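Line by line, the protein sequences give chains A and B. In this text, residue positions in the first sequence follow our numbering: the first is 27, and each later residue adds one. In this text, residue positions in the second sequence follow our numbering: the first is 27, and each later residue adds one. From the three backbone atoms N, C-alpha and C, an ideal C-beta is built for every residue, glycine too. Every value quoted in this text rests on a predicted model; they were computed, and no experiment measured them. Written out below as structure tokens is the structure these notes cover.
Number of protein chains: 2
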Amino acid sequence: MTAPPRSAAAAAAARVVDIGELRQSCAACALHALCLPASIDGHDLARLDHLVKRRQPLDRGATLFREGSAHPSLFVVRSGSLKTSVTLPEGDNQILGFHLSGEILGFDGLAGERHQCTAEALERASVCEVPFEQLSRVAAQVPGLQHQLFRVMSREFVREQQHPVMMGRKQALSRLAIFLRNLSERRAATGHDPLELQLSMSRQDMANYLGLVIETISRLFSRLHAQGLVRVERKTVRILDPAALHALAEGGEDENRALA
Amino acid sequence: MTAPPRSAAAAAAARVVDIGELRQSCAACALHALCLPASIDGHDLARLDHLVKRRQPLDRGATLFREGSAHPSLFVVRSGSLKTSVTLPEGDNQILGFHLSGEILGFDGLAGERHQCTAEALERASVCEVPFEQLSRVAAQVPGLQHQLFRVMSREFVREQQHPVMMGRKQALSRLAIFLRNLSERRAATGHDPLELQLSMSRQDMANYLGLVIETISRLFSRLHAQGLVRVERKTVRILDPAALHALAEGGEDENRALA
DNA sequence: GCGCCGGCTTGATCCGGATCAAGTCCGCCT
DNA sequence: AGGCGGACTTGATCCGGATCAAGCCGGCGC
């Protein structure tokens, strides 16, 4: 992610907020997630603390917002992770995505002034909240911020498109490989070891997200483990052979057979 | 879709652009797709014709934009229909959505200043183009427009989430039923007969979109036809029993067996 | 410690949709 | 008209993942 465009004058003073500041300031954390510099168009965004609400940490299973919640907000994950899902008429639900530390959620909910999905913590998680109403007002006065909001929203739009791409794969192993690869890339993006994954979601959640059943997930992990592609230990997965995993993520026709 | 919020003063003069004006003005067409009134915050948006470029009609198979196209734009479909897709590393591609008359596309592509997917006409189609760069500039000066852009973008974000929800269904019949129901709802939204569908895409496109193969699509249509739920005639589908179709879209466990 | 319970793994079987293989239909071009 | 080609349909078979069923493991409360 590159720094957003800004006036030449502001460029000299501006710097993109560093990950190291996440602990210090809630606003800094939000700015980083939005790929924003500390200053834009002459406004010192780091001072916009009043925009950002700190929230009580969420316990595992706690809901951040629900389908139908009014006064939607954007949320930046400071630590832990969450899942978003929608409830289907028959009662069961479909998981739409997982949101890891440093990522953002809540872009549903602007349309009808209400959230359209439910967000729930997968583990103890802390988030900061940016009420969209206020953010929108500030953005109206700061064109650079407005522009960057559109960019980030579009980025999430595109990110979301990976979900149907993955579900379009007919081989279950391909889907899982794509899922693991995505997690790996997101680890890398936040400066972590991309080969060490912490699967904070349950097998059931993974299965739901991938359009499979829990038994299939379990079997696939066993196969990958047996072939030495990954080391699976409870919720910790270490990728041992990224290249092979990458190959499975594509076609995976013959590779699939090879892992009998 | 309700009218967007606006100041009380502007509300009196404003009116949402009528579908009937689509033929007249390209700007009117864009305004309608964005759920915008003709006037907002005192600006007469209908006069913003310079924002909207009229495009040569696209022939069937012509591409509107490609993955990687620079200077991304929003496009409003004035007539005909298009599909958007991404190309996978192995060569085949995944269809992400279909865009019918009156709908909008192009919200990918704001993030990296380039489109992330490819849009292709399914039949002769005319669109009008709103270069995002210019739109963004105007939005920066018209808070009401900016706000509405966020709303519409969020709406598309949520609409896109229906795709994985549909692909999460394990029964192929459920997926097709959901697909047909969505098309039906979109027909209704543009004032057409919701029971008369024009499937401008090929069976292959449908299969790809639904995560199935072409033979399955064909068989499912035959089953639905044999059971009297729909009347299928080439690309024209008439829904004869909306309630039953709706039931199939949900669980569809036993209904599935019933249509042996 | 013990026992319970929920999440996970593993095995056996079944079945729905993919695959392979013929056709059929229709538009289109000459 | 004829005939070519692509989109679609239909049938037969196969196979991968769902389902059913039986443990296993680890955590937690008592």
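Worksheet item: Exposed or buried, B:Glu116, counting other C-beta atoms within 10 Å across all chains shown (16 or more means buried)?
Response: Looking up residue 116 of chain B in the second sequence gives position 90. Exposed, since its Cβ has fewer than 16 Cβ neighbours within 10 Å.
Worksheet item: Around the C-beta of B:Arg212, are 16 or more other C-beta atoms found within 10 angstroms, so that it is buried, or is it exposed?
Response: Sequence index remark: in the second sequence, residue 212 of chain B carries index 186 (1-based). Answer is buried; the Cβ neighbour count reaches 16.
Practice prompt. Compare the C-beta of A:Gly135 against all C-beta atoms of chain B and say whether one is closer than 8 Å.
Written response: Translated into positions along the first sequence, residue 135 of chain A becomes position 109. So yes, A:Gly135 belongs to the interface.
Fill in: Span separating the alpha-carbon of B:Lys79 from that of A:Lys109
The residue you call residue 79 of chain B lines up with position 53 of the second sequence. The residue you call residue 109 of chain A lines up with position 83 of the first sequence. Each residue's alpha carbon lies about 41 Å from the other.
Worksheet item: Pick from B:Val258, B:Pro268 and B:Thr113: whose alpha carbon is nearest that of B:Glu93?
Response: Along the second sequence, read from residue 1 onward, the residue named residue 93 of chain B stands at position 67. Checking every option, the nearest Cα to that of B:Glu93 belongs to B:Thr113.
Discussion item. At the level of alpha carbons, what is the spacing between B:Gln142 and B:Arg207?
Written reply: On the second sequence, position 116 is the one that residue 142 of chain B refers to. On the second sequence, position 181 is the one that residue 207 of chain B refers to. Cα to Cα, the separation comes out at about 28 Å.
Discussion item. Can you tell me whether A:His141 is helix, strand or coil according to DSSP?
Written reply: To locate residue 141 of chain A, count along the first sequence from 1; it is residue 115. If DSSP states are grouped into helix, strand and coil, A:His141 belongs with coil.
Worksheet item: Going along the chain, which unbroken runs of the alpha helix (DSSP H) with 4 or more residues stay wholly within the stretch 175-215 of chain B?
Response: 198-215
Practice prompt. Confirm, please, whether the CB-CB distance from A:Arg104 to A:Val178 is below 8 Å.
Written response: For this step, residue 178 of chain A is matched to residue 152 along the first sequence. For this step, residue 104 of chain A is matched to residue 78 along the first sequence. No; because the gap between Cβ atoms is not below 8 Å, this pair is not in contact.
Fill in: Residues bridged to A:Pro157 [DSSP beta-bridge criterion]
Residue mapping note: residue 157 of chain A aligns to position 131 of the first sequence, counting from 1. Beta-bridge pairing links A:Pro157 to A:Ser99.
Worksheet item: Is the number of C-beta pairs between the stretch 159-179 of chain A and the stretch 81-100 of chain B that are closer than 8 Å three or more?
Response: no
Item to complete: Answer with buried or exposed for B:Gln120, where buried requires no fewer than 16 other C-beta atoms within 10 angstroms of its C-beta.
Response: Position 94 of the second sequence, counting from 1, holds the residue named residue 120 of chain B. Label assigned to B:Gln120: buried.
Practice prompt. Could you spell out where the alpha helix (DSSP H) holding A:Phe91 opens and where it closes?
Written response: Taking the first residue of the first sequence as 1, we reach residue 91 of chain A at position 65. Run containing A:Phe91: none in the alpha helix (DSSP H); it sits in the beta strand (DSSP E), Thr89 to Phe91.
Fill in: Those residues which DSSP pairs with B:Arg257 across a bridge
Along the second sequence, read from residue 1 onward, the residue named residue 257 of chain B stands at position 231. Looking at the DSSP assignment, B:Arg257 forms a beta bridge with B:Arg264.
Worksheet item: What do you get for A:Arg195, buried or exposed, if any count of 16 or more other CB atoms within 10 angstroms of its CB means buried?
Response: Here residue 195 of chain A refers to the residue found at position 169 when the first sequence is read from its first residue. So A:Arg195 ends up on the buried side.
Worksheet item: Straight-line CA distance for B:Pro157 to B:Ser127?
Response: Position 131 of the second sequence, counted from the start, is the residue given in the question as residue 157 of chain B. Position 101 of the second sequence, counted from the start, is the residue given in the question as residue 127 of chain B. Using only the alpha carbons, I get a separation of about 19 Å.
Worksheet item: So B:His251 is in the alpha helix (DSSP H); what residue range does that whole segment cover?
Response: Along the second sequence, read from residue 1 onward, the residue named residue 251 of chain B stands at position 225. B:His251 -> alpha helix (DSSP H) spans Ile240 to Ala252.
Worksheet item: Tell me, which residues are paired with A:Glu146 by DSSP?
Response: Against the first sequence, residue 146 of chain A aligns to sequence position 120. A:Glu146 pairs with A:Thr89 and A:Lys109.
Worksheet item: Beta carbon of A:Met232, beta carbon of B:Pro190: below 8 Å?
Response: Here residue 232 of chain A corresponds to residue number 206 of the first sequence, with the count starting at 1. Here residue 190 of chain B corresponds to residue number 164 of the second sequence, with the count starting at 1. Against a cut-off of 8 Å, the Cβ pair of B:Pro190 and A:Met232 comes out as no contact.
Worksheet entry | Buried/exposed call for A:Arg201, threshold 16 Cβ in 10 Å | In the first sequence, the residue the question calls residue 201 of chain A occupies position 175. A:Arg201 should be labelled buried.
Discussion item. Considering only the alpha carbon of each residue, which of B:Ala59, B:Gln197, B:Glu241 and B:Thr144 lies closest to B:Gly295?
Written reply: Outside the shown range of chain B (27 to 286) lies residue 295 of chain B, about which nothing can therefore be said.
Fill in: Span separating the alpha-carbon of A:Pro83 from that of A:Ala145
Residue mapping note: residue 83 of chain A aligns to position 57 of the first sequence, counting from 1. Residue mapping note: residue 145 of chain A aligns to position 119 of the first sequence, counting from 1. Their Cα atoms are separated by approximately 14 Å.
Discussion item. Can you tell me whether A:Ser152 is helix, strand or coil according to DSSP?
Written reply: Mapped onto the first sequence, residue 152 of chain A falls at position 126. The answer is strand: DSSP assigns A:Ser152 an E or B state.
Worksheet item: By Cβ distance below 6 Å, which residues in the same chain neighbour B:Ser175 in space, the five residues on each side in sequence not counted?
Response: Residue numbering aside, residue 175 of chain B sits at position 149 when the second sequence is read from its first letter. According to the sequence shown, residue 175 of chain B is Leu rather than Ser. Result list for B:Leu175: Ala165, in chain order.
Worksheet item: Closer than 7 Å, Cβ to any Cβ of chain B: which residues of the stretch 236-257 of chain A, in chain order?
Response: Gly237
Worksheet item: Leaving out the 5 sequence neighbours to the left and right, which residues in its chain are closer than 8 Å to B:Ala214 when beta-carbon positions are compared?
Response: In the second sequence, the residue the question calls residue 214 of chain B occupies position 188. These residues qualify, in order along the chain: Pro220.
Worksheet item: If you count every other CB in all the chains shown that lies within 10 Å of the CB of A:Arg181, and 16 or more means buried, which is it?
Response: If you number the first sequence from 1, residue 181 of chain A lands on position 155. A:Arg181 comes out buried.
Fill in: Contact list for the stretch 95-121 of chain B against chain A, Cβ threshold 8 Å
Val112, Leu114, Pro115, Glu116 and Gln120
Item to complete: Report the option in A:Leu271, A:Ser244, A:Glu155 and A:Glu139 whose CA atom is closest to the CA atom of A:Ser95.
Response: Here the question's residue 95 of chain A lines up with position 69 in the first sequence. Closest option to A:Ser95, Cα to Cα, is A:Glu139.
Fill in: Neighbourhood of A:Ile243 by C-beta, 8 Å cutoff - its chain only, sequence neighbours within 5 removed
Working through the first sequence from its first residue, we reach residue 243 of chain A at position 217. Cβ within range, chain order: Leu202, Arg229, Met232, Ala233 and Leu236.
Worksheet item: Relative to the alpha-carbon of B:Glu159, which residue among B:Ala151, B:Arg81 and B:Ala137 has its alpha-carbon at the smallest distance?
Response: Here residue 159 of chain B refers to the residue found at position 133 of the second sequence. Residue B:Ala137 is the option with its Cα nearest to B:Glu159.
Discussion item. Does A:His125 pass the burial test, meaning 16 or more other C-beta atoms within 10 Å, or should it be called exposed?
Written reply: Stepping through the first sequence from its first residue, residue 125 of chain A is reached at position 99. Its Cβ being crowded by 16 or more others within 10 Å, A:His125 is buried.
Discussion item. Let's test the definition: count the other Cβ atoms within 10 Å of the Cβ of A:His97 and tell me whether it reaches 16, buried, or not, exposed.
Written reply: The residue labelled residue 97 of chain A in the question sits at position 71 within the first sequence. Under this definition A:His97 is an exposed residue.
Discussion item. With a threshold of 7 Å on Cβ separation, who are the neighbours of B:Ala56 within its own chain once the five nearest residues in sequence on each side are excluded?
Written reply: The residue labelled residue 56 of chain B in the question sits at position 30 within the second sequence. Here the set comprises Val78, Val102, Cys154 and Val156.
Worksheet item: What residues from the stretch 177-188 of chain A come within 8 Å of chain B, judged by C-beta to C-beta, listed N to C?
Response: Arg177, Val178, Met179, Ser180, Arg181, Glu182, Phe183, Val184, Glu186 and Gln187
Fill in: Pairwise C-alpha distance: B:Leu209 and B:Asp267
As a position in the second sequence, residue 267 of chain B is number 241, starting the count at 1. As a position in the second sequence, residue 209 of chain B is number 183, starting the count at 1. If you take the alpha carbons of B:Asp267 and B:Leu209, they lie about 15 Å apart.
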